[in-house]
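Written out as structure tokens, the structure is:
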């Protein structure tokens, strides 16, 4: 535990913090775009005023809720440092506990968040292609109850992985081309 604290203290705190914030912002942007796409799909048939009001409300909730929560999570290690320096043994223990779980929490959230992005992204694509959506629903309906419940989610996730992989390859190809051009 003490070695972990010393290792964390030896890092360049500004670079470490910037990297964490950059990753959180990128993830939040993708999540926000997915939420807007889902919301637009839900209110697509509503009058324009209703669409604007619903999207504005969702944007407000997402901004305050998601970014606020991410801000707290990103700063959990700072809270841990602050508590670890208190005179109370209980506060020190709590601070050290936060410092121990913070990297695990960040790693778990990055994995869960990545899976969620693939799942939601795949779901958006599936729902956007009506014949594919209906084919998946039809196929799932022919399976046992448990499989019928899980199958669309798994297929959305797989499609999300495929599309995500294609996007990553495209981004790398563009970066490579730009690198050769300079």
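In our numbering, the protein residues as written are 200 to 381.
No residue lacks a Cβ here, since even glycine has one placed at the ideal position from N, Cα and C.
Close Cβ partners of residue 285 (< 8 Å) along its chain, the five nearest in sequence each way excluded
Residue numbering aside, residue 285 sits at position 86 when the chain shown is read from its first letter. Around residue 285: 291 and 294.
Distance CB(residue 297)-CB(residue 278) smaller than 8 Å
Position 98 of the chain shown, counting from 1, holds the residue named residue 297. Position 79 of the chain shown, counting from 1, holds the residue named residue 278. Taking 8 Å as the Cβ cut-off, residue 297 and residue 278 qualify as a contacting pair.
Alpha-carbon to alpha-carbon, residue 227 and residue 264:
The sequence position of residue 264 within the chain shown is 65, counting from 1. The sequence position of residue 227 within the chain shown is 28, counting from 1. Cα to Cα, residue 264 sits roughly 11 Å from residue 227.
Applying the criterion that 16 or more other CB atoms from any shown protein chain within 10 Å of the CB defines a buried residue, is residue 213 buried or exposed?
Residue 213 sits at position 14 when you count from the first residue of the chain shown. Per the 10 Å Cβ criterion, exposed.
Using a Cβ-Cβ cutoff of less than 6 Å, which residues in the same chain neighbour residue 382 once the five nearest sequence positions on both sides are dropped?
Nothing in the structure corresponds to residue 382, since the chain is present only between 200 and 381.
Beta-carbon separation (whole angstroms), residue 351 vs residue 339, contact threshold 8 Å:
Along the chain shown, one-based indexing puts residue 351 at 152. Along the chain shown, one-based indexing puts residue 339 at 140. About 5 Å separates the two Cβ atoms, so the contact holds.
On a CA-only basis, which of 311, 307, 376 and 357 is nearest residue 325? Give me that one, please.
The residue labelled residue 325 in the question sits at position 126 within the chain shown. Residue 325 has its Cα closest to that of 357, out of 311, 307, 376 and 357.
Smallest Cα separation from residue 329: which of 314, 376, 240 and 361?
Here residue 329 refers to the residue found at position 130 when the chain shown is read from its first residue. It is 240 whose Cα lies nearest to the Cα of residue 329.
Is DSSP giving residue 243 helix, strand or coil here?
Here the question's residue 243 lines up with position 44 in the chain shown. Here residue 243 sits in coil by DSSP.
Classify residue 162 as buried or exposed, calling it buried when 16 or more other Cβ atoms lie within 10 Å of its own Cβ.
There is no way to answer for residue 162, as the model of the chain reaches only from 200 to 381.
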